[in-house]
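K.L.:
Note that the working numbering has the sequence shown beginning at 51, numbered continuously upward.
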Amino acid sequence: MGKKSSKWYKSHINDEFVKLANKENWRSRAVFKLKEIDEKYNLIRENSNILDLGCAPGGWSQYASQKLKNINITAVDLLDMEKIPNVNFVQSDISDFAEKLEKNGNFKKIDLVMSDIAPNISGIESADLPAMLNLADMVFDIAINNLSESGSLLIKLFQGKGTDDYLKDVKSNFEKVKLIKPKASKSNSREIYMLATNLKNKPKMQGQ
Ligand SMILES: C[S@@+](CC[C@H](N)C(=O)[O-])C[C@H]1O[C@@H](n2cnc3c(N)ncnc32)[C@H](O)[C@@H]1O
């Protein structure tokens, strides 16, 4: 193991959320970010249709599926994911998945689009930020084409160049937009979560 990866490994195994995830049998430490947000905003609701984008290894879907039995979850990732009860897993790039949805007339009645998608991080900001925004744009399109009027979008973003413009687009399409930094999100990371609720009737892009 190289110096850098052994440093990462040490901080990973000593991380309180990694320890808790192992103890409680969650598939990822990321589960605690969704759990904290859900406990505050009650996003996972009875009878809801949920789309989990960038779902692997499955912590978020696992949390939703354990919280309520009467919900439908569709979960998408490039990587394979082990089965979770009540979760319809689709192994696909989200851009191909979005095309398929469009061809099939879209779902229309999704109550929650939740996206923890992140590109492979290179550590080079000028590459990582645009890659993240590109994914976030795709998630936004999927959300406005498939959410019900009272639907919500929860998405991970990186703070930096381009993020303010992205937020402006979201604010012109949703009634309420909040930025959230859950405790399990590392303080030295640019990661932040955005929760947008109540889709406005007509999707608008900036400049329209
Ligand atoms: C941080 S992980 C998600 C963790 C997950 N929320 C959990 O709790 O287990 C981000 C995921 O995004 C996926 N991803 C990245 N780009 C993608 C793309 N274009 N289409 C589908 N999935 C993608 C990665 O494969 C990775 O599994």
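Beta carbons: idealized from backbone N, C-alpha and C, even for Gly.
Computed from a prediction, not measured in an experiment: that's the story for all the values here.
To which residues does DSSP link L197 through a beta bridge?
P.N.:
In the DSSP output, where bridge partners are listed per residue, L197 has I160.
K.L.:
Starting from the C-beta of S239, find all residues in its chain whose C-beta is less than 6 Å away, skip the five residues before and the five after it, and write them out in chain order.
P.N.:
No residues qualify anywhere along the chain.
K.L.:
Between the beta-carbon of I205 and the beta-carbon of V189, is there less than 7 Å?
P.N.:
Contact flag set, yes.
K.L.:
DSSP three-state call for Q209: helix, strand or coil?
P.N.:
Q209 falls in the coil class under three-state DSSP.
K.L.:
Among N64, E74, D187 and K221, whose alpha-carbon lies nearest the alpha-carbon of Q116?
P.N.:
It is E74.
K.L.:
Rounding to the nearest angstrom, what Cα-Cα distance links K250 and I63 in this structure?
P.N.:
In a straight line, the C-alpha of K250 is about 43 Å away from that of I63.
K.L.:
Looking only at its own chain, which residues have a Cβ that is under 7 Å from the Cβ of V221, when we skip the five neighbours before and after it?
P.N.:
The amino acid at residue 221 is misidentified as Val; the sequence shows Lys. Excluding positions up to five away in sequence, the list reads V227.
K.L.:
Which same chain residues end up closer than 6 Å to L129 when comparing Cβ atoms and leaving out the 5 residues on each side of it in sequence?
P.N.:
Excluding sequence neighbours, L129 sits near A106.
K.L.:
Give me the DSSP bridge partner(s) of M244.
P.N.:
For M244, which the question treats as bridged, DSSP gives the partners I205 and L229.
K.L.:
Mind checking which residues open and close the alpha helix (DSSP H) that includes D120?
P.N.:
Looking at the sequence shown, residue 120 is not Asp but Asn. From DSSP, N120 is part of no alpha helix (DSSP H); its letter is neither H nor E.
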